[in-house]
Amino acid sequence: MPTILCYTRQGDGVYPDHNYPGHIGYLCDLEHALHLAISEDSISFKPLRNNTGILFAKCTYDEGNPKGTTKTLIDPWLSRGSDGSFVLCMVRRNQNAPDTLSTGCMMIFTSKDLVQYQEHGFLKVSEKEIRHPRCVWHPECCYYELYWENEQGQAFSAISKDLSQIAEVKRCEAHRKKTETYGIDKCIPGNTINISDEEAIRIRMYLDEIRNTSVDPVSYTIKTGAVNYTLPKARCRYSDGSVHEKKVDWDLRGISLDKPGVYEIPGIVQAKHWDFPIPLNFEPYDVHEINDPNMDSGMSDPCVTLYKGKYYLSSTGNQNIVLRCADTLESVFSAEPVIIHHLPLQKGQDMNGTWAAELHVIDEIPYLFTTICPNGDWTQVKSVVLRAQGDLLDPASWEMPRYCIKANGELLTEDGISLDMTYFRDHDTDYVMWSGRRIHYGSNPLVIEPANIYIATINPNAPWQLSSKPVCILRPEFGWDRCETEVEEAPYLLRHNDQLFVTVSGSSTGMSDLYCIGLLKAKSGTDLLNPESWEMWPYPLLTKESVPGEYGPGHSNFVKDLATCDTIMVYHAVPHDRADRTMFRHPAMRRLHWASSGLPYLEMTPDRDLDPQFKHIKMTLTIQPKEDEI
Numbered sequence: 001m002p003t004i005l006c007y008t009r010q011g012d013g014v015y016p017d018h019n020y021p022g023h024i025g026y027l028c029d030l031e032h033a034l035h036l037a038i039s040e041d042s043i044s045f046k047p048l049r050n051n052t053g054i055l056f057a058k059c060t061y062d063e064g065n066p067k068g069t070t071k072t073l074i075d076p077w078l079s080r081g082s083d084g085s086f087v088l089c090m091v092r093r094n095q096n097a098p099d100t101l102s103t104g105c106m107m108i109f110t111s112k113d114l115v116q117y118q119e120h121g122f123l124k125v126s127e128k129e130i131r132h133p134r135c136v137w138h139p140e141c142c143y144y145e146l147y148w149e150n151e152q153g154q155a156f157s158a159i160s161k162d163l164s165q166i167a168e169v170k171r172c173e174a175h176r177k178k179t180e181t182y183g184i185d186k187c188i189p190g191n192t193i194n195i196s197d198e199e200a201i202r203i204r205m206y207l208d209e210i211r212n213t214s215v216d217p218v219s220y221t222i223k224t225g226a227v228n229y230t231l232p233k234a235r236c237r238y239s240d241g242s243v244h245e246k247k248v249d250w251d252l253r254g255i256s257l258d259k260p261g262v263y264e265i266p267g268i269v270q271a272k273h274w275d276f277p278i279p280l281n282f283e284p285y286d287v288h289e290i291n292d293p294n295m296d297s298g299m300s301d302p303c304v305t306l307y308k309g310k311y312y313l314s315s316t317g318n319q320n321i322v323l324r325c326a327d328t329l330e331s332v333f334s335a336e337p338v339i340i341h342h343l344p345l346q347k348g349q350d351m352n353g354t355w356a357a358e359l360h361v362i363d364e365i366p367y368l369f370t371t372i373c374p375n376g377d378w379t380q381v382k383s384v385v386l387r388a389q390g391d392l393l394d395p396a397s398w399e400m401p402r403y404c405i406k407a408n409g410e411l412l413t414e415d416g417i418s419l420d421m422t423y424f425r426d427h428d429t430d431y432v433m434w435s436g437r438r439i440h441y442g443s444n445p446l447v448i449e450p451a452n453i454y455i456a457t458i459n460p461n462a463p464w465q466l467s468s469k470p471v472c473i474l475r476p477e478f479g480w481d482r483c484e485t486e487v488e489e490a491p492y493l494l495r496h497n498d499q500l501f502v503t504v505s506g507s508s509t510g511m512s513d514l515y516c517i518g519l520l521k522a523k524s525g526t527d528l529l530n531p532e533s534w535e536m537w538p539y540p541l542l543t544k545e546s547v548p549g550e551y552g553p554g555h556s557n558f559v560k561d562l563a564t565c566d567t568i569m570v571y572h573a574v575p576h577d578r579a580d581r582t583m584f585r586h587p588a589m590r591r592l593h594w595a596s597s598g599l600p601y602l603e604m605t606p607d608r609d610l611d612p613q614f615k616h617i618k619m620t621l622t623i624q625p626k627e628d629e630i
């Protein structure tokens, strides 16, 4: 019978950062969260989600701190509830310190599948701090038996009929705590619980890695002398039940299509992948995205757009706004950079920055959404839009940048910053989405609030002006998007059937290793200006643990590969040098895989995408005589 282990990880100390030692990312933000591992024999346990958290406590914004107060979770205990679903007890903390709002409380969650959780609330069991809560349902008595310890290790028990209040509190013997780590790095175990095979399948579908497990047999029938035919693709199957069709290089040498018969045709399954980091062309020198001799040249926020059969690459840069153009995805990063607009330096300025340029086409007119960072001061960045009226590589085709404004004509963010603006259309309504944060200019020290995600409608003929009020649909709430810096940014739309997915990037931008990708989702055709229409997935989908050697993945966008018809995710990540020190951001690409859960799977590495044993396959080709030849 499958078994689930719930645990947290050691979260003492801070994440090491060699480049910016003044930045502090507390490990508890990431490790003091619910982790799960699964076993088929109750002996060998496999951590799920790359040994990262899958349930985090929400922060609070009502404790007098404009940045909010980051919450963490420790001491997990899983059990079955009165209806057979799961009950999870944990203790909420203020990072590594007691949480005065929940003193003496068990934080209760419920779940039907151990994938998604609902907050049941807090169950008060003591007036003092507690540790190691436990909860067991006794069906014969119709109540829950509760257990906890105080800070001195004294144990108590009580009963509760519905986990809303307790009765019969009494001292009891302390339970022996688990000390084994189950072979999991830095594991602090909670308990194990048996689950059904059906429950295990669903948990693996969402939380386990997805990899190629087989390729279907291939057969194809044509008539003699056939001219217009398309040879079949390989239907690849994956561990979660999903499928993906790949092109095959079939070897038809020596086969006569005029001769009836049955033939065995060898083929090589085609699975494209790109090495990380992707090499870049930085000539001429004055368009370098970074001119710091102490750091390697790289590229932040790459965005590839397909327009009229060609691929255009934009990114973050300096006062030169640059595009690269190529016929294929493979060649766009090595294409010659072309300066399409230059921001002149004003008196007293050393540089200007242009951040996260995105090319979008609205009613057949290209627009470049980007951000101007005057004199390199990130506390002053503002979103702008440039419109093109001709050849995208001709600087004369581009109009001057227009600052984004509200419907009443006021600057979009006079009391803060705006950046990473993106565009999409849904049901004939045009939207922009961006990251914005309020800054209390003049305060000492400078008070900077979290970076939130906003949405508004626009007039498609003037996409730099909103036609509705800005609406905040997402704030950084969890340890994984608040570690070192409270950030949600870089929204980008991804469609799948009637679902709208928006990838966002969260956590520290200074300690770039900690950057990661989360997911917002909504249903197409709903009121997208209503925050209730949007659901934030509770854990990040791509982190530094996802792909070996790729730290701080983020700022993703999606583009179609014309050669394969696959959707490709373009993003940046951070390599480390031989001394394991953080280098600069570099571009990366990977095929987007649609999981059987309906979610995008962002971790489809080459070894998972196609098992080498299935690369060489064979097709049974049947050539039948035409009717007039029978």
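Per the numbering used here: the sequence shown = residues 1 to 630. A virtual CB, placed ideally from N, CA and C, is assigned to each residue, including glycine. Note that the coordinates shown come from a computational prediction; the quantities given were computed from them, not determined experimentally.
Sequence-distant residues of its chain with Cβ nearer than 6 Å to LYS178 (five each side left out): Here residue 178 is taken as the residue at index 178 of the sequence shown, counted from 1. Hits under 6 Å: PRO189.
THR370 - partner residues in DSSP beta bridges: Reading the sequence shown from its first residue, position 370 is the one you call residue 370. According to DSSP, which records beta bridges pairwise, THR370 is partnered with VAL384.
Contact between the stretch 202-211 and the stretch 114-125 (3+ Cβ pairs under 8 Å): Contact between the stretch 202-211 and the stretch 114-125 is established, with three or more Cβ pairs separated by less than 8 Å.
Classification of MET351 by the beta-carbon crowding that lies within 10 angstroms, buried from 16 upward: The sequence position of residue 351 within the sequence shown is 351, counting from 1. For MET351, the number of other beta carbons within 10 angstroms of its own is below 16, and it is reported as exposed.
THR503: CB within 7 Å of a non-hydrogen atom of the ligand HEM: Absence of the ligand HEM is noted for the structure shown, with no ligands found whatsoever.
In DSSP terms, what ALA573 is bridged to: Here residue 573 corresponds to residue number 573 of the sequence shown, with the count starting at 1. According to DSSP, which records beta bridges pairwise, ALA573 is partnered with HIS586.
Other residues of its chain near THR3: CB distance less than 6 Å, five sequence neighbours each side excluded: Taking the sequence shown and counting its residues from 1, the one referred to as residue 3 is at position 3. These residues qualify, in order along the chain: SER39, SER42, THR192 and ASN194.
Option in ARG437, TYR441 and TYR571 with minimal Cα separation from LEU474: Taking the sequence shown and counting its residues from 1, one reaches residue 474 at position 474. Measuring from the Cα of LEU474, the nearest candidate turns out to be ARG437.
Whole beta strand (DSSP E) elements within the stretch 415-460, 3-residue minimum: Listed in chain order, the beta strand (DSSP E) elements of length 3 or more contained wholly in the stretch 415-460 are 416-426, 429-440 and 452-459.
Coil, strand or helix - GLN465 by DSSP: Residue 465 sits at position 465 when you count from the first residue of the sequence shown. Residue state for GLN465 is assigned as strand, using DSSP reduced to three classes.
Sequence-distant residues of the same chain with beta carbon closer than 6 Å to GLU489, five excluded per side: Residue mapping note: residue 489 aligns to position 489 of the sequence shown, counting from 1. So the qualifying residues of the chain are ASP420, SER435, ALA451 and SER505.
Length at least 3, wholly inside the stretch 52-117: the beta strand (DSSP E) runs in chain order: You should have 72-80, 86-94 and 105-111.
Alpha carbon of LYS406 to alpha carbon of ILE453, nearest angstrom: Sequence index remark: in the sequence shown, residue 406 carries index 406 (1-based). Sequence index remark: in the sequence shown, residue 453 carries index 453 (1-based). Taking the straight line joining both Cα atoms gives about 16 Å.
Option in LEU101, GLY81 and THR620 with minimal Cα separation from SER111: Stepping through the sequence shown from its first residue, residue 111 is reached at position 111. Residue GLY81 is the option with its Cα nearest to SER111.
Beta bridge counterpart(s) of ILE321 as assigned by DSSP: For the purposes of this step, residue 321 is identified with residue 321 of the sequence shown, where counting begins at 1. In the DSSP output, where bridge partners are listed per residue, ILE321 has HIS341.
Beta-carbon spacing of ASN94, LYS71 below 8 Å: Here residue 94 is taken as the residue at index 94 of the sequence shown, counted from 1. Here residue 71 is taken as the residue at index 71 of the sequence shown, counted from 1. Taking 8 Å as the Cβ cut-off, ASN94 and LYS71 qualify as a contacting pair.
Completely contained alpha helix (DSSP H) runs for the stretch 590-626, where each covers 4 or more residues: If we require 4 residues or more, the alpha helix (DSSP H) runs fully inside the stretch 590-626 come out as 606-609.
Contact under 8 Å by Cβ, TYR515 with SER524: Counting from one through the sequence shown, the residue named residue 515 turns up at place 515. Counting from one through the sequence shown, the residue named residue 524 turns up at place 524. Between TYR515 and SER524, the CB-CB gap reaches or exceeds 8 Å.
Reduced DSSP category for VAL125 - H, G, I as helix; E, B as strand; rest coil: Within the sequence shown, the letter at position 125 stands for residue 125. For VAL125, the secondary structure class from DSSP, reduced to helix, strand or coil, is coil.
Close Cβ partners of ILE166 (< 8 Å) along its chain, the five nearest in sequence each way excluded: In the sequence shown, counting from the first residue as 1, residue 166 sits at position 166. So the list reads LEU123, LYS124, VAL125, LEU146, ALA158, ILE159 and SER160, once near-sequence residues are dropped.
C-alpha gap between SER300 and PRO470, whole angstroms: Working through the sequence shown from its first residue, we reach residue 300 at position 300. Working through the sequence shown from its first residue, we reach residue 470 at position 470. If you take the alpha carbons of SER300 and PRO470, they lie about 27 Å apart.
Selected residue, minimal CA-CA separation from THR100, among ILE130, GLY84, TRP77 and LEU88: Position 100 of the sequence shown, counted from the first residue, corresponds to residue 100. Selected option, being the one with the closest Cα: ILE130.
Start and end residues, beta strand (DSSP E) containing LEU516: Here residue 516 refers to the residue found at position 516 when the sequence shown is read from its first residue. In the sequence as displayed, the identity of residue 516 is Cys instead of Leu. For CYS516, the uninterrupted beta strand (DSSP E) run begins and ends at 516-523, by DSSP.
Beta-carbon proximity check, LYS382 vs THR371, cutoff 8 Å: Against the sequence shown, residue 382 aligns to sequence position 382. Against the sequence shown, residue 371 aligns to sequence position 371. Their beta carbons are under 8 Å apart, which means LYS382 touches THR371 by this criterion.
Chain-order list of residues whose beta-carbon lies under 7 Å from that of SER596 (same chain, five-residue window excluded): For this step, residue 596 is matched to residue 596 along the sequence shown. Cβ within range, chain order: MET205, ASP240, GLY241 and SER242.
Cβ pair count under 8 Å reaching 3, the stretch 407-414 against the stretch 423-433: Contact between the stretch 407-414 and the stretch 423-433 is absent, because fewer than three Cβ pairs lie under 8 Å.
Meets three-Cβ-pair contact criterion under 8 Å: the stretch 558-577 and the stretch 587-602: Flag = yes, the stretch 558-577 and the stretch 587-602 touch.
DSSP-derived helix/strand/coil call for TYR285: Position 285 of the sequence shown, counted from the start, is the residue given in the question as residue 285. In this prediction, TYR285 scores a pLDDT of 44, lower than 50, which makes its location untrustworthy; the coordinate-derived value is nonetheless stated afterwards. When secondary structure is reduced to three states using DSSP, TYR285 falls in the helix class.
C-alpha gap between ILE365 and ARG49, whole angstroms: In the sequence shown, counting from the first residue as 1, residue 365 sits at position 365. In the sequence shown, counting from the first residue as 1, residue 49 sits at position 49. Straight-line Cα distance between these residues: approximately 42 Å.
Candidates ARG585, GLY267, PRO538 and HIS496, of which the one nearest LEU599 by Cα: Residue mapping note: residue 599 aligns to position 599 of the sequence shown, counting from 1. Ranked by Cα distance from LEU599, the options ARG585, GLY267, PRO538 and HIS496 are led by HIS496.
In DSSP terms, what TRP148 is bridged to: Reading the sequence shown from its first residue, position 148 is the one you call residue 148. Paired residue(s): PHE156.
Which residues DSSP lists as bridging CYS404, in chain order: Residue numbering aside, residue 404 sits at position 404 when the sequence shown is read from its first letter. Under the DSSP definition of a beta bridge, CYS404 lacks any partner.
The beta strand (DSSP E) enclosing ALA335, as first and last residue numbers: Position 335 of the sequence shown holds residue 335. Counting along the chain, ALA335 falls outside any beta strand (DSSP E), and DSSP gives it neither H nor E.
Cutoff 6 Å; reference PHE424; Cβ partners in own chain excluding five residues on either side: Translated into positions along the sequence shown, residue 424 becomes position 424. Counting only Cβ-Cβ distances below 6 Å, and skipping sequence neighbours, we find TYR431 and LEU493.
Segment contact, 8 Å Cβ cut-off, at least three pairs: the stretch 474-484 with the stretch 23-34: Segments in contact, yes.
For THR8 and ALA37, the rounded distance between their alpha carbons: In the sequence shown, the residue the question calls residue 37 occupies position 37. In the sequence shown, the residue the question calls residue 8 occupies position 8. The C-alpha of ALA37 lies about 11 Å from the C-alpha of THR8.
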